[in-house]
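2 protein chains.
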Amino acid sequence: MSETPADSVVRTVRTYIDTHRAAFLEDLAEWLRIPSVSAQPEHADDVRRSAEWLAAKLKETGFPVAEVWETAGAPAVFAEWPSAEPDAPTVLVYGHHDVQPAAVADGWHTDPFEPVIRGGRMYARGAADDKGQVFFHTLGVRAHLAATGAEAPAVHLKLIVEGEEESGSPNFRALVEREARRLAADVVIVSDTGMWSETTPTVCTGMRGVADCEIDLHGPDQDIHSGAFGGAVPNPATVAARLVAALHDADERVTIPGFYENVAELTDEERALIAELPFDEGEWLRTATSHAAAGEKGYSTLERVWARPTAEVNGIGGGYQGPGGKTIVPASAHLKLSFRLVSGQDPYEVEAAVRDWVAARVPEGIRHSIVFGAPTRPCLTPLDHPALQSVVRAMGRAFGEKVRFTREGGSGPAADLQDVLEAPVLFLGISVPSDGWHAPNEKVELDLLLKGVETAAYLWGDLAASHGKPA
Amino acid sequence: MSETPADSVVRTVRTYIDTHRAAFLEDLAEWLRIPSVSAQPEHADDVRRSAEWLAAKLKETGFPVAEVWETAGAPAVFAEWPSAEPDAPTVLVYGHHDVQPAAVADGWHTDPFEPVIRGGRMYARGAADDKGQVFFHTLGVRAHLAATGAEAPAVHLKLIVEGEEESGSPNFRALVEREARRLAADVVIVSDTGMWSETTPTVCTGMRGVADCEIDLHGPDQDIHSGAFGGAVPNPATVAARLVAALHDADERVTIPGFYENVAELTDEERALIAELPFDEGEWLRTATSHAAAGEKGYSTLERVWARPTAEVNGIGGGYQGPGGKTIVPASAHLKLSFRLVSGQDPYEVEAAVRDWVAARVPEGIRHSIVFGAPTRPCLTPLDHPALQSVVRAMGRAFGEKVRFTREGGSGPAADLQDVLEAPVLFLGISVPSDGWHAPNEKVELDLLLKGVETAAYLWGDLAASHGKPA
Numbered sequence: 001m002s003e004t005p006a007d008s009v010v011r012t013v014r015t016y017i018d019t020h021r022a023a024f025l026e027d028l029a030e031w032l033r034i035p036s037v038s039a040q041p042e043h044a045d046d047v048r049r050s051a052e053w054l055a056a057k058l059k060e061t062g063f064p065v066a067e068v069w070e071t072a073g074a075p076a077v078f079a080e081w082p083s084a085e086p087d088a089p090t091v092l093v094y095g096h097h098d099v100q101p102a103a104v105a106d107g108w109h110t111d112p113f114e115p116v117i118r119g120g121r122m123y124a125r126g127a128a129d130d131k132g133q134v135f136f137h138t139l140g141v142r143a144h145l146a147a148t149g150a151e152a153p154a155v156h157l158k159l160i161v162e163g164e165e166e167s168g169s170p171n172f173r174a175l176v177e178r179e180a181r182r183l184a185a186d187v188v189i190v191s192d193t194g195m196w197s198e199t200t201p202t203v204c205t206g207m208r209g210v211a212d213c214e215i216d217l218h219g220p221d222q223d224i225h226s227g228a229f230g231g232a233v234p235n236p237a238t239v240a241a242r243l244v245a246a247l248h249d250a251d252e253r254v255t256i257p258g259f260y261e262n263v264a265e266l267t268d269e270e271r272a273l274i275a276e277l278p279f280d281e282g283e284w285l286r287t288a289t290s291h292a293a294a295g296e297k298g299y300s301t302l303e304r305v306w307a308r309p310t311a312e313v314n315g316i317g318g319g320y321q322g323p324g325g326k327t328i329v330p331a332s333a334h335l336k337l338s339f340r341l342v343s344g345q346d347p348y349e350v351e352a353a354v355r356d357w358v359a360a361r362v363p364e365g366i367r368h369s370i371v372f373g374a375p376t377r378p379c380l381t382p383l384d385h386p387a388l389q390s391v392v393r394a395m396g397r398a399f400g401e402k403v404r405f406t407r408e409g410g411s412g413p414a415a416d417l418q419d420v421l422e423a424p425v426l427f428l429g430i431s432v433p434s435d436g437w438h439a440p441n442e443k444v445e446l447d448l449l450l451k452g453v454e455t456a457a458y459l460w461g462d463l464a465a466s467h468g469k470p471a
Numbered sequence: 001m002s003e004t005p006a007d008s009v010v011r012t013v014r015t016y017i018d019t020h021r022a023a024f025l026e027d028l029a030e031w032l033r034i035p036s037v038s039a040q041p042e043h044a045d046d047v048r049r050s051a052e053w054l055a056a057k058l059k060e061t062g063f064p065v066a067e068v069w070e071t072a073g074a075p076a077v078f079a080e081w082p083s084a085e086p087d088a089p090t091v092l093v094y095g096h097h098d099v100q101p102a103a104v105a106d107g108w109h110t111d112p113f114e115p116v117i118r119g120g121r122m123y124a125r126g127a128a129d130d131k132g133q134v135f136f137h138t139l140g141v142r143a144h145l146a147a148t149g150a151e152a153p154a155v156h157l158k159l160i161v162e163g164e165e166e167s168g169s170p171n172f173r174a175l176v177e178r179e180a181r182r183l184a185a186d187v188v189i190v191s192d193t194g195m196w197s198e199t200t201p202t203v204c205t206g207m208r209g210v211a212d213c214e215i216d217l218h219g220p221d222q223d224i225h226s227g228a229f230g231g232a233v234p235n236p237a238t239v240a241a242r243l244v245a246a247l248h249d250a251d252e253r254v255t256i257p258g259f260y261e262n263v264a265e266l267t268d269e270e271r272a273l274i275a276e277l278p279f280d281e282g283e284w285l286r287t288a289t290s291h292a293a294a295g296e297k298g299y300s301t302l303e304r305v306w307a308r309p310t311a312e313v314n315g316i317g318g319g320y321q322g323p324g325g326k327t328i329v330p331a332s333a334h335l336k337l338s339f340r341l342v343s344g345q346d347p348y349e350v351e352a353a354v355r356d357w358v359a360a361r362v363p364e365g366i367r368h369s370i371v372f373g374a375p376t377r378p379c380l381t382p383l384d385h386p387a388l389q390s391v392v393r394a395m396g397r398a399f400g401e402k403v404r405f406t407r408e409g410g411s412g413p414a415a416d417l418q419d420v421l422e423a424p425v426l427f428l429g430i431s432v433p434s435d436g437w438h439a440p441n442e443k444v445e446l447d448l449l450l451k452g453v454e455t456a457a458y459l460w461g462d463l464a465a466s467h468g469k470p471a
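Just so you know, the protein sequences line up as chains E and A, in that order.
First residue of the first sequence: 1, per the UniProt record's numbering; consecutive thereafter.
First residue of the second sequence: 1, per the UniProt record's numbering; consecutive thereafter.
Okay, structure coming up:
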């Protein structure tokens, strides 16, 4: 059998990766040695050094533009490598170069900022979250060029690598809004997620959004004696509890009027795809350190966390919480609620509905206030989106296996890119649950890391070829 | 018109009081100068000095027995003055000699431990709560003897004056159990309450009891990410809120099965007597620093706080309560509940019912524990109880006005006396709401204080005469 053009691309890419693998891993290790912990002020210089290191490395990789972008907080890195073909699609890759705190005392077997390779894994803080997954794009684009023989990528390639993701991305939205013109893209590829497992390659198709609020409830002007007054005045802690209790009906559906109105319901195909995954509820519960599954009636655990909106009490407090008892009617009570949102839900409509619902339920004699934080919108890429199909093909080619679909229950700054740039967000990640994000002994599987490189190498050509074509 | 024997008693008593009034007030002031603050360890010696001062003063008054009784905490004072008539009833007066903390910095116009008389009032910490109300019994019994011409009172008179009431009486029950034989009485008279107002003399006929518990609810082994797991595992803060919300029905009646089963319902007469009081709900709400009245349907505010049992949340806590938001499913949540109890309710039956009710409502995946404190039983004296009628007559004679009835919504150590000694508890207090218990500028109205003396002077004779007679 003679080699097909496709086979030739694979052979070229793999050879290129094999040849450059050692240098690639050495470079990554160098980057991982910079303790770019955004949450710790004493590492502010390291976060800046990390940004400068990356910008320099991207220039070395071939990006004609690679800049450190200032924000009100830690700096981000922007890089751009235009295609020779003006009509090529523009792709923006998102990642972050800051990392979670880490110390040997937390239970690391080796220095978290001195990477070591052991058993096919590289151990270091940031190995998977997210330096490794940003970095595979450097070798990826070089392998892509090796395969095409061109001087520039098949797509207009842009990278935005922020420096405060582990601190909640407080300045990211403002940065995206400020630099919207330079960040403009047809597709956003987020490389800050993972796959189902080592043996089940998957593409994430969406994240839930989130809206959160604090509710303060005030009753008496001070704590008052529950003997003298109890049973004859409204108790704000009782009112807080009744709000929380009223959030769900007996089927654990959220009772806020209109909450489900525009929810993108799961299609039969989507449910079937979720059901295909080798899900072990016992194992999932162990990961959740929880002792029972529970939630909205009619949905599986994965459907509940990936595709259904929720109302959750994150904190509640009121009255006396010290040791022993204190017979008071408390002066006040406080609630922190968050609502996970799915495609179709508008955070501001949810906010308005929650405000109305709360106001209608607070009784006479109780004063309340409700404050919402800045919401994060949900994002969801339809299964038949051409760019998603490109990711699936590129990944399938790299892994040699059927690629399945997941979603992400959490919420992330990717939604800001979708929002401001009005571009669909896709996810390309090769991390696996055992990588230990935010935990001691974080690692990345080297085989998977190189599959990430390979996927990136195939992706730009596929995206360029399929761009603008109907699914 | 010639003087009746009754008129003669009144004249003798009043003359006696007038004659000894100045010395009585000087003695009281001397006692009030001792800062017997039981809650502050640096005043431990003062509390002891207060006990010793009182014991000496009671001896001087004529009590053949006056002893300082040690407890595991601050000392109490016991005194006894037997009647010459062996078959006379035994009366035990209860009060306390410790006081609340007080400092000029809290807003006192004068030194709280340097009594001053101004505008017919004596200002000092403890003037009303409770030294003044204990002390009126010293001049009271002397005036009683002056009227009868006897050497000993008409009843076997006992006093127990504890030293830790303002610290929650932690050792009182044990003391009463230990000394039950010496404290044994046919009737207990508590002089640690008050009247409706300066112009409405009243007798308190009962106090609510209280049972309180702490409930801990445990879900995940640690706080977990509400994006990754929210909506698919039970949330202990939600469970805590649902327990609180389920405590009451739409009529604000407690839903615990059996809770109302043995409740002594208000009679029509009792309701009429409560309705007779010049109650101003606006003023009551201002005292409660509350902004609406609310409670069990079908009952007035006074009925709710005096005669109806309640379930109140005194504290609730779970999850993140700091500034901003934190998207977690909390590991645990905690509740502090208290149940005010009325006559007929057994605290241990209530405890068992609450335990069953909670256990039945905690869902799979949530572990709970529930711990009850030592309960305080309710006490209630029937309106037609002969001893209560004696108090009403004695007070009516002193005040020259109709005596009405109140109850007390709070719970107190008096219930321990009722419980252990198996004696009915009556209340004789002359303090008024404006006296400022526990507040700066506490005072006692001298006119009312002397009416208290006078009431005590009439009471022992009346009790002796009516003892054992049917109502």
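Here a beta-carbon is modelled for each residue, glycine too, at the ideal position from N, C-alpha and C.
Worksheet item: Are there 16 or more other CB atoms within 10 angstroms of the CB of S197(E), so buried, or fewer, so exposed?
Response: exposed
Worksheet item: So is P413(E) in contact with chain A if we call contact Cβ pairs under 8 angstroms?
Response: no
Fill in: Neighbour list for T301(E) in chain A, Cβ cutoff strictly below 8 angstroms
A232
Worksheet item: Is the CB-CB distance between V91(A) and L463(A) below 8 angstroms?
Response: yes
Worksheet item: Of all the alpha helix (DSSP H) runs that stay within the bounds of the UniProt domain "Peptidase M20 dimerisation" (206-364) of chain E, which reach a length of 4 or more residues?
Response: 236-246, 268-276, 281-287, 301-307 and 347-361
Worksheet item: Closest Cβ-Cβ distance between Y16(E) and chain A: below 8 angstroms?
Response: no
Worksheet item: Is the Cβ-Cβ distance between A414(E) and G344(E) less than 8 angstroms?
Response: no
Practice prompt. Could you spell out where the beta strand (DSSP E) holding E151(E) opens and where it closes?
Written response: E151(E) -> no beta strand (DSSP E), and no H or E assigned at all.
Item to complete: Work out the CA separation of G62(E) and T376(E) for me, nearest whole Å.
Response: 34 angstroms
Item to complete: Give a yes or no on contact between the region 386-403 of chain A and the region 211-228 of chain A, applying the rule of three or more CB pairs nearer than 8 angstroms.
Response: no
Discussion item. I'd like the list of long-range same chain contacts for K59(E), defined as Cβ closer than 7 angstroms, with 5 residues on each side in sequence excluded.
Written reply: A66
Discussion item. Using a Cβ distance threshold of 8 angstroms, determine whether the region 178-197 of chain E contacts the region 305-313 of chain E, with at least three qualifying pairs required.
Written reply: no
Fill in: CB-CB length for C204(E) against I370(E), believed under 8 angstroms
About 32 angstroms; that fails the 8 angstroms criterion.
Item to complete: Taking all protein chains shown into account, decide if E42(E) is buried (16 or more other Cβ within 10 angstroms of its Cβ) or exposed.
Response: exposed
Discussion item. By the DSSP assignment, the alpha helix (DSSP H) with M395(E) in it spans what residues?
Written reply: P386 to F399
Worksheet entry | Given T354(A) as reference, the closest of H248(A), G429(A) and A288(A) once Cα atoms are compared | The residue you asked about is not Thr; residue 354(A) is Val in the sequence shown. If we check each option's Cα against that of V354(A), H248(A) comes out closest.
Discussion item. Cβ closer than 8 angstroms: which chain E residues qualify as neighbours of residue 475(A)?
Written reply: Because chain A is modelled from 1 through 471, residue 475(A) falls outside the range shown and cannot be assessed.
Worksheet entry | Contact set for A471(A): own chain, Cβ-Cβ below 6 angstroms, skip 5 residues either direction | With a pLDDT of only 47 at A471(A), under the threshold of 50, the placement of this residue in the model should not be trusted, and no figure is reported.
Practice prompt. Measure the CB-CB distance between P378(A) and V342(A) and report whether it falls below 8 angstroms.
Written response: yes
Item to complete: Excluding the 5 residues preceding and the 5 following S431(A) in the sequence, name in chain order all residues of the same chain whose CB lies nearer than 6 angstroms to its CB.
Response: A128 and G194
Practice prompt. My understanding is that G410(A) touches A228(E), with C-beta atoms under 8 angstroms, so please give their C-beta distance in whole angstroms.
Written response: 6 angstroms
Worksheet item: Which whole-angstrom value is the C-beta distance of A143(A) and I17(A), which I expect to be below 8 angstroms?
Response: 6 angstroms
Practice prompt. Would you be able to state if there are at least three C-beta pairs under 8 angstroms between the region 419-438 of chain E and the region 249-263 of chain A?
Written response: no
Discussion item. Let me see if you follow: with CB-CB separation under 8 angstroms, is T205(A) close to chain E or not?
Written reply: no
Item to complete: With L446(A) as the anchor, note down where its beta strand (DSSP E) starts and where it stops.
Response: First-last for L446(A): L446 to S466, but that is the alpha helix (DSSP H), not the beta strand (DSSP E).
Practice prompt. Take T199(A) as the anchor and find which of R178(A), I215(A), P278(A) and K297(A) has the nearest alpha-carbon.
Written response: P278(A)
Discussion item. Just checking: is the beta-carbon of F24(A) within a distance shorter than 8 angstroms of some beta-carbon in chain E?
Written reply: no
Worksheet item: How about L183(A) and K158(A): are their beta carbons less than 8 angstroms apart?
Response: yes
Worksheet item: Is there contact here, the region 232-247 of chain A with the region 280-296 of chain A, by at least three beta-carbon pairs under 8 angstroms?
Response: no
Worksheet item: Quick one: what's got a C-beta closer than 6 angstroms to T12(A)'s C-beta in the same chain, skipping five residues either side?
Response: A146 and A147
Item to complete: Check each candidate in Y348(E), L388(E) and F405(E) and name the one with the smallest Cα separation from P201(E).
Response: F405(E)
Practice prompt. Put G140(E) into one of helix, strand or coil per three-state DSSP.
Written response: helix
Item to complete: Could you have a look at V9(E) and say whether DSSP puts it in helix, strand or coil?
Response: helix
Worksheet entry | Per-residue burial, E261(A) [other beta carbons within 10 Å of its own, 16 or more giving buried] | exposed
Worksheet item: What in chain A is Cβ-close to N441(E), meaning under 8 angstroms?
Response: In chain order: nothing, as chain A lies at least about 18 angstroms away.
Worksheet item: What span of residues does the beta strand (DSSP E) with L421(E) cover, start to end?
Response: From DSSP, L421(E) is part of no beta strand (DSSP E) but of the alpha helix (DSSP H) over A414 to L421.
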